[in-house]
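Residue numbers (the numbering used here): 2 to 209. Using N, Cα and C, we set each Cβ at its ideal position, and we do this for glycine too. Below is one structure, written out as structure tokens, with a few remarks after it.
Below, the structure written as structure tokens:
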């Protein structure tokens, strides 16, 4: 049996450039939600923009950053308890016409941990999120659960781009020629690998 704490330990951005270790109340876990005990949270360039450059967040500081999250479900929907999961970096509403058309990435009501789900983010001990969209890790082998956190954004963003570009359905029989601009960053690096894994004949990586 898992115990849900009354408080969440968290590193809050109290203002751009300043972090504070603090505790916040555990929010109510509503129907269709789960509480995840966080194993790891990746640092995205988006977080760096919020913290170092003062890029505005939807929810103003103080709030906790971090949206590349992996962890274990310890409360909420009964069928999810005990499962190891990756939390989507961006969570569409799944109800609007855009979502129903299969373009959840364009959802105008989407939520993002560490930006637009209140003060809560991944640089914490726990987080409460919707059950919908959680990626269950069925068998992670010997790799620590924390290592799976970056899949939530750095790996799935280029994967979805590859699917949108139909790289899994090549136009040419021997594979397509793929050009990746901005290949030097994390997303670009994954994009070059994913394109090749999907059968690209050649991948040209461009950066400055």
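DSSP state of residue i mapped onto helix, strand, coil
i, result
"residue 111", "coil"
"residue 92", "strand"
"residue 40", "strand"
"residue 72", "strand"
"residue 126", "coil"
"residue 59", "coil"
Opening and closing residue of the alpha helix (DSSP H) in which residue i lies
i, result
"residue 99", "98 to 101"
"residue 46", "46 to 53"
Beta-ladder partner(s) of residue i, from DSSP
i, result
"residue 131", "34"
"residue 64", "14"
"residue 138", "Paired residue(s): none; residue 138 is not in a bridge."
"residue 85", "73"
"residue 5", "Looking at the DSSP assignment, residue 5 forms no beta bridge with any residue, so it has no partner."
"residue 118", "120"
Endpoints, beta strand (DSSP E) assigned at residue i
i, result
"residue 78", "Unbroken run through residue 78: none, as it is neither H nor E."
"residue 22", "19 to 26"
8 angstroms contact criterion, which residue i and residue j should meet: CB distance rounded
i, j, result
"residue 77", "residue 34", "5 angstroms"
"residue 149", "residue 71", "4 angstroms"
"residue 91", "residue 113", "5 angstroms"
"residue 13", "residue 65", "5 angstroms"
"residue 39", "residue 115", "With a Cβ gap of about 12 angstroms, residue 39 and residue 115 do not count as contacting."
"residue 154", "residue 85", "At roughly 18 angstroms, the Cβ-Cβ gap does not stay under 8 angstroms, so residue 154 and residue 85 are not in contact."
"residue 133", "residue 95", "6 angstroms"
"residue 179", "residue 156", "In fact, because the Cβ distance is near 17 angstroms, the residues do not count as touching under 8 angstroms."
Pick out the complete alpha helix (DSSP H) segments inside the segment 153 to 206, 4 residues or longer, and give them in chain order.
The segment 153 to 206 contains these whole alpha helix (DSSP H) runs: 157 to 165 and 187 to 198.
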